[in-house]
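Residue numbering for the sequence shown is 28 to 281, as defined by my numbering.
For glycine and all other residues, C-beta sits at the position ideal for the given N, C-alpha and C.
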Amino acid sequence: IKMLLNLLQAGEGSIHIFDKELKSNRIEILKQIGSLIEQPAIYQHLTGKENLLNRAMLLQVSEQRVNDMLNLVQLTAAANKKAGQYSLGMKQRLGIALALLNDPKLLILDEPTNGLDPNGIIEIRELMMRIVKEGKTVFVSSHLLSEVEKMATHVGIINHGKMMFQGTIQDLQNINQPHIFIETDNSADAANLLKRNNVTIAEVENDYLLVPFTSKQQIGDINNLLVQNGITVFGINKQHKDLEQLFLDITKSN
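Written out as structure tokens, the structure is:
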């Protein structure tokens, strides 16, 4: 991430942002990027609004833009409160407001929910969704994969410095075939019945079994077959692996 912001030089290769090479177009590109890396750089003795006004003078943007950003990150009510009295989540939101002051096309955030409690995580997630609705692109580095799954449209998985996958979450899910989760009163009998009817069994446990998914019709057919043969079905549904499971599958296999 620091290489994307020209804070570190790449040992080899090149970086292209907005279809331009970063090294030779550094100033032009960086003017269009906002970022929050690690902890937000804020003055604890100044109010939230004063922090923004201080940055606004350097960027030559209006006070109206400051007010708009306070509204976007939902800090208007706390605008005149000392930043040192802000919660960690509020400080993160203020840091994001600072990064958005120059109206960037791209916002880069490194672990934006790190150290936050559940309420703070929800605040940042909802804020990022609002930013996207404003027409911005948000690039997030995070180890909280459950949060990434809730808000990202595209993901990249890096393992030991190598890009293992890049694409949409749907593309990632399509790599691994989904399964039908079947909960019955007798998994062993259910599995034997399905095998006799040429249904492939992926896994059998005491209280459930997994069958590779092929179609919605397949779910109905399996349910009818089990019930008609006296096996009680407590639940049957299509299951996708979540992003954390997919991440582990990809990184372990490589």
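Next on the checklist: Suppose the cutoff is 8 Å on Cβ atoms and the five residues either side in sequence are ignored; what does the same chain contact list for residue 254 look like?
Outcome noted: Only 260 meet the Cβ criterion.
Checklist entry - Hey, residue 63 and residue 137: beta-carbon distance below 8 Å or not? => result The answer is yes: Cβ separation under 8 Å.
Next on the checklist: Quick check on this structure: which residue in 264, 206 and 226 has the alpha carbon closest to the alpha carbon of residue 239?
Outcome noted: Of the listed residues, the one whose Cα sits closest to residue 239 is 206.
Checklist entry - Among 187, 246 and 224, which has the Cα closest to the Cα of residue 265? => result By alpha-carbon distance to residue 265, the top candidate from 187, 246 and 224 is 246.
Checklist entry - When burial is assigned at 16 or more other CB atoms within 10 Å of the CB, is residue 116 buried or exposed? => result Result: buried.
Checklist entry - Between residue 131 and residue 163, what straight-line distance do the alpha-carbon atoms span, to the nearest angstrom? => result For residue 131 and residue 163, the distance between alpha carbons rounds to 8 Å.
Checklist entry - To the nearest whole angstrom, what separates the beta carbons of residue 93 and residue 134, a pair I think is in contact under 8 Å? => result That pair is no contact at about 17 Å.
Item to check | Simplified DSSP assignment, three categories, for residue 114 | outcome: In the three-state reduction of the DSSP assignment, residue 114 falls in the coil class.
Checklist entry - For residue 41, which residues of its own chain have a beta-carbon under 8 Å away from its beta-carbon, when the five flanking residues on both sides are left out? => result Excluding sequence neighbours, residue 41 sits near 48, 49 and 50.
Item to check | Beta-bridge partners of residue 300, as assigned by DSSP | outcome: A question about residue 300 goes unanswered here, because the residues of the chain that appear run from 28 up to 281.
Next on the checklist: Let me check you understand the geometry: is the CB of residue 158 closer than 7 Å to at least one non-hydrogen atom of the ligand NAP?
Outcome noted: No copy of the ligand NAP occurs in the structure displayed, which carries no ligand at all.
Next on the checklist: So residue 18 and residue 203 are supposed to be a Cβ contact under 8 Å. How far apart are they, rounded?
Outcome noted: A question about residue 18 goes unanswered here, because the residues of the chain that appear run from 28 up to 281.
Checklist entry - If you draw a straight line from the C-alpha of residue 37 to the C-alpha of residue 30, how long is it? => result When only Cα atoms are considered, residue 37 and residue 30 end up about 6 Å apart.
Checklist entry - If you follow the beta strand (DSSP E) that residue 193 is part of, which residue opens it and which one closes it? => result Segment 189-195, the beta strand (DSSP E) holding residue 193.
Item to check | Segment contact flag, the stretch 179-186 with the stretch 105-125, C-beta cutoff 8 Å, min 3 pairs | outcome: No: fewer than three Cβ pairs fall under 8 Å.
Checklist entry - Going straight from the alpha carbon of residue 210 to that of residue 234, what length do you get? => result Using only the alpha carbons, I get a separation of about 6 Å.
Checklist entry - In or out: residue 54 buried (at least 16 other Cβ within 10 Å) or exposed? => result By the beta-carbon neighbour count (other beta carbons within 10 angstroms, threshold 16), residue 54 is exposed.
Next on the checklist: Out of 65, 106, 66 and 126, which one is the CA nearest neighbour of residue 82?
Outcome noted: When each option's Cα is compared against that of residue 82, the closest is 126.
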